[in-house]
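**Student:** Heads up: the sequence shown at position 147 corresponds to 195 in the numbering used here, and the numbers run straight through without jumps.
Using N, Cα and C, we set each Cβ at its ideal position, and we do this for glycine too.
Predicted, not measured: the structure shown is a model, and the values here were computed from it.
Below are the structure tokens for one structure; questions will follow.
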Amino acid sequence: FSGSTFSAANFTTANTITDSLVISGATGISLGSTLTLGDGVTLSLTNSSLTTTGAVGINGTNDAGDAFSYISLSGSSTLSSQFVAVGLDVTVGNGSSLVLRGTGDPVNSQTEATRVTLLPGGSLTFANATEYIEHIAEIFNASSGNSLATAPGDYSPASGATITAVPEPAAISLGALGLFTLIRRRRA
49 FSGSTFSAAN FTTANTITDS LVISGATGIS LGSTLTLGDG VTLSLTNSSL TTTGAVGING
109 TNDAGDAFSY ISLSGSSTLS SQFVAVGLDV TVGNGSSLVL RGTGDPVNSQ TEATRVTLLP
169 GGSLTFANAT EYIEHIAEIF NASSGNSLAT APGDYSPASG ATITAVPEPA AISLGALGLF
229 TLIRRRRA
């Protein structure tokens, strides 16, 4: 736990985090009450796992300015939660996963927009295929900027409820071209 006045000792009974918090290399963290992130606050998990228990999730702050609060998952991090709601911007990096166990509205944008952005190799799992279909407009591929609603080909469904962002075809082509050029230069 670093970068915050918030400490590991008070995390399990957390209500609101008012400054950005980095959790690195911590596994098996369990949270039994809903966590609220203040406006502009970032919760970063790096090679860590956090699970909210029961019907508990993570909220941003309901405000007049509709400012986002942020969750960033990187390394091989996992966040398992009933829901993410109220103005959260969640980014799921390569090798990381967001698991939303709730049904009804696990990506809740009713009060303020909430969105999930998947980097290539990042995965998002819903409780069932119905939730997956309900939230397609709130899931974005970082490589293309497209939502699942407008560009379903940017995603690779592993099952009816799990999706993984795939690189944009142009990015793959550019990478292959660069590799070809590098090999050609080495031979010359």
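Return the chain-ordered list of same chain residues with a C-beta closer than 7 Å to the C-beta of Ala-185, the five sequence neighbours on each side being excluded.
**Tutor:** Cβ neighbours of Ala-185 beyond the five flanking positions: Ser-195, Ala-197.
**Student:** For Ala-133, does the three-state DSSP call read helix, strand or coil?
**Tutor:** Residue state, collapsed to three classes: strand.
**Student:** Among Ser-171, Ser-68, Val-134, Thr-151, whose alpha-carbon lies nearest the alpha-carbon of Asn-110?
**Tutor:** Among Ser-171, Ser-68, Val-134, Thr-151, the Cα nearest to that of Asn-110 belongs to Val-134.
**Student:** Helix, strand or coil: which one does DSSP assign to Thr-101?
**Tutor:** Reduced to three states, the DSSP call for Thr-101 is coil.
**Student:** Short check: CB of Ser-96 to CB of Ile-77, under 9 Å?
**Tutor:** Yes, they are a contact pair.
**Student:** Sort Gly-88, Val-147, Pro-200 by Cα distance to Asp-137 and report the nearest one.
**Tutor:** Asp-137 has its Cα closest to that of Gly-88, out of Gly-88, Val-147, Pro-200.
**Student:** Can you tell me whether Thr-241 is helix, strand or coil according to DSSP?
**Tutor:** This structure leaves residue 241 out entirely; the chain is present only between 49 and 236.
**Student:** On the criterion of 16 or more Cβ atoms from any shown chain inside 10 Å, does Pro-168 qualify as buried, or is it exposed?
**Tutor:** Buried, because 16 or more other Cβ atoms sit within 10 Å of the Cβ of Pro-168.
**Student:** Go through its chain and collect everything with a Cβ distance to Asn-142's Cβ below 7 Å, but skip five positions before and after it.
**Tutor:** Excluding sequence neighbours, Asn-142 sits near Leu-167, Pro-168, Gly-169, Gly-170.
**Student:** Under a three-way DSSP split, which group does Thr-178 fall into?
**Tutor:** Note: Thr-178 maps to helix in three-state DSSP.
**Student:** For the beta strand (DSSP E) that Ile-184 lies in, which residues bound it at each end?
**Tutor:** Element bounds for Ile-184: n/a, residue is neither H nor E.
**Student:** Here's a check: name, in chain order, each residue in its chain whose Cβ is nearer than 7 Å to the Cβ of Ala-218, leaving out the five neighbours to either side.
**Tutor:** Residue confidence is low: Ala-218 scores 47 on pLDDT, short of 50, so the model does not pin down where it sits. No coordinate-derived value is stated.
**Student:** How would you write the range of the beta strand (DSSP E) that Val-11 sits in, first residue to last?
**Tutor:** A query on residue 11 cannot be resolved here, the shown segment of the chain reaching from 49 to 236 and no further.
**Student:** Would Ser-72 pass as a contact of Thr-94 if the rule is Cβ separation under 9 Å?
**Tutor:** In contact: Ser-72 and Thr-94 (Cβ atoms closer than 9 Å).
**Student:** Rounding to the nearest angstrom, what Cα-Cα distance links Gly-152 and Ala-74 in this structure?
**Tutor:** For Gly-152 and Ala-74, the distance between alpha carbons rounds to 30 Å.
**Student:** State buried or exposed for Gly-108, treating a residue as buried only when at least 16 other CB atoms are found within 10 Å of its CB.
**Tutor:** Buried, because 16 or more other Cβ atoms sit within 10 Å of the Cβ of Gly-108.
**Student:** Please state the DSSP three-state secondary structure of Gly-88.
**Tutor:** Correct three-state label for Gly-88: coil.
**Student:** Give me the DSSP bridge partner(s) of Leu-127.
**Tutor:** Answer is Leu-98, Leu-146, bridged to Leu-127.
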